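Scroll down for the structure; my scribbles are underneath it.
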Amino acid sequence: MAKDPSPPHSPPFQNLNLDAFNIHLKRAKSLLPWILLVSFISLLVLIYSPNPRRFWLASSDVKSGENVCNLFDGRWVRDYGRNAYGRKNCRTIPESKDCARYGKDQGFVHWRWKPRRCDLPRFDAKKFLRIVRGKRMAFVGDSVSRNQMESLLCLLTQVETPIDIQEKDSEDRFRTWYFRSYDFILMTLWTKFLIAGTERTVNGTGTGAFNLHLDKLDTSWTQKLPWINYVVISAGHWYFRKNYLYENNKLIGCIYCSEDKLKDFEPTYAIRKACETTLQYIYNCKNCDGLVTVLRTFSPAHFENGNWNGGGYCNRTKPSKESDVSFHGTEWKLRNAQVEEVKMVSKGKRRKGKGFRVLDVTKAMMMRPDAHPDIHWNNQWMKGYSDCVHWCMPGPIDTWNELMLQVLKEEALLV
Ligand SMILES: *[C@@H]1O[C@H](CO)[C@@H](O)[C@H](O)[C@H]1NC(C)=O
Ligand SMILES: *[C@@H]1O[C@H](CO)[C@@H](O)[C@H](O)[C@H]1NC(C)=O
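For the sequence shown, the numbering used here assigns the number 3 to the initial residue and increments by one for each residue that follows.
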């Protein structure tokens with residue numbers, strides 16, 4: 003059979019309607035000035051925008067902005083890589099969080115947080131220290147706040163061993179560390195509530211219930227603010243008990259106290275107010291120019307079959323799937339309230355270089371019932387109770403600091 007001599011495309015080409023082609027060409031020509039104009043305007047926007055570096059950032063780096071990659075939304079994936087640190091190269095791991103030591107199944111360390119649209123870089127201690135060089139950072143909050151500081155301390159110790167520059171108080175509540183070659187100070191400032199709270203006593207004995215002033219802050223930490231460059235605030239677990247709420251020095255109700263014939267509030271109400279009071283105070287603080295505030299959202303506990311002193315435990319050995327955690331409960335409501343309060347204060351113009359950021363760990367940690375110390379057999383901590391509030395080290399609490407590094411990196415580019 004003879005080959006068809008005509009090349010496959012020749013027939014349509016021969017029949018090409020030249021008029022139609024010319025019309026298309028004319029249209030394209032008439033669009034050209036518009037294309038040039040739009041390009042020119044885009045260029046102007048890029049050059050004269052208040053922060054041209056952000057455009058560069060968006061293309062060259064992970065960004066926690068919603069459009070590019072939300073670092074706080076993702077899942078846990080298997081990762082058998084090396085631990086960031088261990089007891090041998092971090093002497094400051096508190097015994098109560100040293101889970102490898104007490105025979106907890108170590109499967110929980112082999113997971114990595116994977117944001118939906120990007121990868122979260124591993125913690126880079128040098129990069130972190132370069133950002134905070136010459137600065138002071140304070141973790142303000144309860145023992146979960148201190149837990150994050152302890153994780154950061156271990157992560158940074160891999161580059162430089164800090165000097166302990168504060169006398170130890172009996173309960174380890176105020177600590178200060180100095181990284182000499184970066185002139186960086188890291189500290190914890192203890193506060194149960196962020197706001198002012200005093201324990202109710204009856205006949206000289208503490209009742210375990212507190213009087214909370216929703217519109218007054220705990221001055222033990224606020225008085226140090228003018229001296230600080232980065233403050234990581236959080237609030238949470240101390241609100242989940244019987245507490246009396248005051249506004250304007252007037253008793254307005256309480257949490258968990260239906261028997262007292264007072265208005266019953268949920269912890270979320272009080273925590274939202276505490277965040278609002280805190281953020282407003284920092285926003286208006288005259289001696290806090292350039293202060294960067296990071297609000298770490300609620301860290302969930304994972305007691306099963308009971309609570310802290312009711313025989314509850316947390317012995318799961320795998321992370322939960324997203325479909326297994328509830329986004330209708332108190333924890334998520336609380337997180338939403340915190341995120342909203344930060345949005346409110348950061349909505350307006352930046353004031354005196356102050357930045358307000360969210361470190362939104364709630365979702366990631368809701369999926370980690372496997373990473374609490376639980377029961378430490380034979381140790382002094384908790385004496386037979388399960389700890390399902392704090393987090394093992396190393397473990398997913400190190401992810402908080404990986405996330406924080408990204409947040410600080412973005413913030414550093416804005417200043
Ligand atoms: C406090 O002490 C007084 C006097 O000793 C006593 O009458 C009262 O019952 C005590 N209250 C409580 C709640 O223990
Ligand atoms: C967790 O502890 C409970 C109660 O002791 C036990 O019934 C259950 O089998 C344990 N689960 C795992 C995974 O070890």
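For glycine and all other residues, C-beta sits at the position ideal for the given N, C-alpha and C. All values derive from a computational prediction rather than experimental measurement.
Q: Determine the contact status of Arg202 and Tyr246, defining contact as a CB-CB distance below 9 Å.
A: For the purposes of this step, residue 202 is taken as residue 200 along the sequence shown, with counting starting at 1. For the purposes of this step, residue 246 is taken as residue 244 along the sequence shown, with counting starting at 1. Yes, the Cβ-Cβ distance between Arg202 and Tyr246 is below 9 Å.
Q) Where the beta carbon is closer than 7 Å to any heavy atom of ligand 2, which residues qualify, in chain order? A) So the residues near ligand 2 by this Cβ test are Tyr315, Asn317, Arg318 and Thr319.
Q.
With a threshold of 7 Å on Cβ separation, who are the neighbours of Val111 within its own chain once the five nearest residues in sequence on each side are excluded?
A. For the purposes of this step, residue 111 is taken as residue 109 along the sequence shown, with counting starting at 1. Only Asn85, Pro396 and Gly397 meet the Cβ criterion.
Q: Could I get the ranges of all uninterrupted beta strand (DSSP E) runs contained in the segment 54-133, with 3 residues as the minimum, in chain order?
A: The segment 54-133 contains, as complete beta strand (DSSP E) runs of 3+ residues, the segments 76-80 and 113-117 (chain order).
Q.
Quick check on Tyr232: does DSSP put it in helix, strand or coil?
A. Taking the first residue of the sequence shown as position 1, residue 232 is located at position 230. When secondary structure is reduced to three states using DSSP, Tyr232 falls in the strand class.
Q) Under three-state DSSP, which class holds Met139? A) For the purposes of this step, residue 139 is taken as residue 137 along the sequence shown, with counting starting at 1. In this structure, Met139 counts as strand in the three-state DSSP scheme.
Q) How far does the alpha helix (DSSP H) with Trp223 in it reach, from first residue to last? A) Counting from one through the sequence shown, the residue named residue 223 turns up at place 221. Thr221 to Thr224 is the extent of the alpha helix (DSSP H) around Trp223.
(Q) Taking 9 Å as the threshold (C-beta atoms), are Ala140 and Ile230 in contact? (A) Translated into the one-based positions of the sequence shown, residue 230 becomes position 228. Translated into the one-based positions of the sequence shown, residue 140 becomes position 138. Judged by their CB atoms, Ile230 and Ala140 are nearer to each other than the 9 Å cut-off.
Q) Any idea if Pro164 is buried or exposed, counting beta-carbon neighbours within 10 angstroms, 16 or more meaning buried? A) For the purposes of this step, residue 164 is identified with residue 162 of the sequence shown, where counting begins at 1. Classification of Pro164: buried, given that the 10 Å Cβ count is 16 or more.
Q. How many angstroms separate the CA atom of Val79 from the CA atom of Arg114?
A. Position 77 of the sequence shown, counted from the first residue, corresponds to residue 79. Position 112 of the sequence shown, counted from the first residue, corresponds to residue 114. So the two alpha carbons sit approximately 5 Å from each other.
(Q) Within a Cβ cutoff of 8 Å, which residues of the same chain sit near His392, ignoring the five residues on either side of it in sequence? (A) In the sequence shown, the residue the question calls residue 392 occupies position 390. Answer for His392: Ser98, Lys99, Ser145, Val146, Asn149, His374 and Pro375, listed in chain order.
Q. Between Arg353 and the rest of its own chain, which residues show a CB-CB distance below 7 Å, the 5 nearest in sequence each way excluded?
A. Locating residue 353 in the sequence shown gives position 351, counting from the first residue. Closer than 7 Å at Cβ, skipping near neighbours: Tyr285.
Q. Looking at the structure shown, is Arg182 part of a helix, part of a strand, or coil, going by DSSP?
A. For the purposes of this step, residue 182 is taken as the residue at position 180 of the sequence shown. In this structure, Arg182 counts as helix in the three-state DSSP scheme.
**Q.** Endpoints, the beta strand (DSSP E) within which Val294 is located
**A.** As a working note, residue 294 is residue 292 in the sequence shown. Looking at the DSSP string, the run of the beta strand (DSSP E) that includes Val294 is Val294 to Arg298.
Q | Buried versus exposed, by CB contacts within 10 Å (16 or more), Leu253 | A | In the sequence shown, the residue the question calls residue 253 occupies position 251. Looking at its Cβ environment, which holds fewer than 16 other Cβ atoms inside 10 Å, Leu253 is exposed.
Q) Across which residues does DSSP place Asn213 in a beta bridge pair? A) Taking the sequence shown and counting its residues from 1, the one referred to as residue 213 is at position 211. Note: Asn213 sits in a beta bridge opposite Thr200 and Tyr246.
Q) With a Cβ-Cβ cutoff of 9 Å, do Leu297 and Val204 count as a contact? A) Here residue 297 corresponds to residue number 295 of the sequence shown, with the count starting at 1. Here residue 204 corresponds to residue number 202 of the sequence shown, with the count starting at 1. No, the Cβ-Cβ distance between Leu297 and Val204 is not below 9 Å.
Q: Within the same chain, show all residues whose beta-carbon is closer than 6 Å to that of Glu68, passing over the 5 residues directly before and after it, in chain order.
A: Here the question's residue 68 lines up with position 66 in the sequence shown. Residue placement at Glu68 is poorly supported in this model, since its pLDDT is 48, which falls under 50; the coordinates are not used for a value here.
Q | Distance between Trp402 and Val234 (C-alpha atoms, nearest Å) | A | As a working mapping, residue 234 is identified with position 232 in the sequence shown. As a working mapping, residue 402 is identified with position 400 in the sequence shown. If you take the alpha carbons of Val234 and Trp402, they lie about 11 Å apart.
Q) For Lys356, which three-state DSSP category applies? A) Along the sequence shown, read from residue 1 onward, the residue named residue 356 stands at position 354. Reduced to three states, the DSSP call for Lys356 is coil.
Q.
Quick check: the Cα distance between Pro52 and Ala414, rounded to an integer number of angstroms?
A. Within the sequence shown, the letter at position 50 stands for residue 52. Within the sequence shown, the letter at position 412 stands for residue 414. Because the pLDDT of Pro52 is 44, which lies under 50, any placement of that residue in the model is unreliable, and the number read from its coordinates should be weighed accordingly. Taking the straight line from one Cα to the other gives about 15 Å.
Q: Could you tell me whether the Cβ atoms of Leu219 and Tyr283 are closer together than 9 Å?
A: Residue 219 sits at position 217 when you count from the first residue of the sequence shown. Residue 283 sits at position 281 when you count from the first residue of the sequence shown. Result yes, Cβ atoms of Leu219 and Tyr283 sit closer than 9 Å.
Q | Euclidean distance between Cα positions of His215 and Asn250 | A | Here residue 215 refers to the residue found at position 213 when the sequence shown is read from its first residue. Here residue 250 refers to the residue found at position 248 when the sequence shown is read from its first residue. In a straight line, the C-alpha of His215 is about 8 Å away from that of Asn250.
Q: Can you grab the Cα-Cα spacing for the pair Lys411 / Leu155, in whole Å?
A: The residue you call residue 411 lines up with position 409 of the sequence shown. The residue you call residue 155 lines up with position 153 of the sequence shown. Going from the Cα of Lys411 to the Cα of Leu155 covers about 18 Å.
Q. Who are the near neighbours of Asp166 in its chain, counting only those whose CB is closer than 7 Å to its CB and skipping five residues on each side?
A. Taking the first residue of the sequence shown as position 1, residue 166 is located at position 164. Here the set comprises Trp179.
Q. Roughly how many whole angstroms lie between the Cα atoms of Leu407 and Gly314?
A. If you number the sequence shown from 1, residue 407 lands on position 405. If you number the sequence shown from 1, residue 314 lands on position 312. C-alpha separation (whole angstroms): 34 Å.
Q: Thinking Leu157 and Phe125 are a contact (beta carbons under 8 Å), I'd like their distance in whole angstroms, please.
A: One-based indexing of the sequence shown puts residue 157 at position 155. One-based indexing of the sequence shown puts residue 125 at position 123. Cβ-Cβ separation between Leu157 and Phe125: approximately 5 Å, consistent with a contact (criterion under 8 Å).
Q.
Please classify Thr195 as buried or exposed, where buried requires at least 16 neighbouring CB atoms within 10 angstroms.
A. Working through the sequence shown from its first residue, we reach residue 195 at position 193. The question names Thr, but residue 195 in the sequence shown is Phe. Under this definition Phe195 is a buried residue.
**Q.** For Gly206 and Tyr153, the rounded distance between their alpha carbons
**A.** Along the sequence shown, one-based indexing puts residue 153 at 151. Along the sequence shown, one-based indexing puts residue 206 at 204. In the sequence under discussion, the amino acid at residue 153 is Ser, which differs from the Tyr named in the question. Cα to Cα, the separation comes out at about 38 Å.
Q: Hey, could you find the ends of the alpha helix (DSSP H) Ile167 is sitting in?
A: As a position in the sequence shown, residue 167 is number 165, starting the count at 1. Segment: none, Ile167 is in no alpha helix (DSSP H) and carries neither H nor E.
Q: Check the C-beta distance from Phe300 over to Leu336 and give it rounded, since I have them as a contact under 8 Å.
A: Within the sequence shown, residue 300 is the residue found at index 298, counting from 1. Within the sequence shown, residue 336 is the residue found at index 334, counting from 1. Going by Cβ atoms, the distance from Phe300 to Leu336 rounds to 5 Å, so yes, they are a contact pair.
Q. Are there three or more Cβ pairs, one per stretch, closer than 8 Å when the segment 259-272 is compared with the segment 303-320?
A. no
(Q) Please return the same chain residues whose Cβ sits closer than 7 Å to the Cβ of Ile399, not counting the five positions on each side in sequence. (A) Walking along the sequence shown from the start, residue 399 turns up at place 397. Cβ within range, chain order: Asn149, Gln150, Ser153 and Trp393.
Q) In angstroms, rounded to a whole number, what distance separates the CA positions of Tyr82 and Asn72? A) If you number the sequence shown from 1, residue 82 lands on position 80. If you number the sequence shown from 1, residue 72 lands on position 70. When rounded, the distance between both Cα atoms is 24 Å.
**Q.** Run of the beta strand (DSSP E) containing Cys418, from where it starts to where it stops
**A.** Shown here, the chain extends from 3 to 417; a query on residue 418 therefore has no answer.
Q. Glu452: buried (16+ other C-beta within 10 angstroms of its C-beta) or exposed?
A. Outside the shown range of the chain (3 to 417) lies residue 452, about which nothing can therefore be said.
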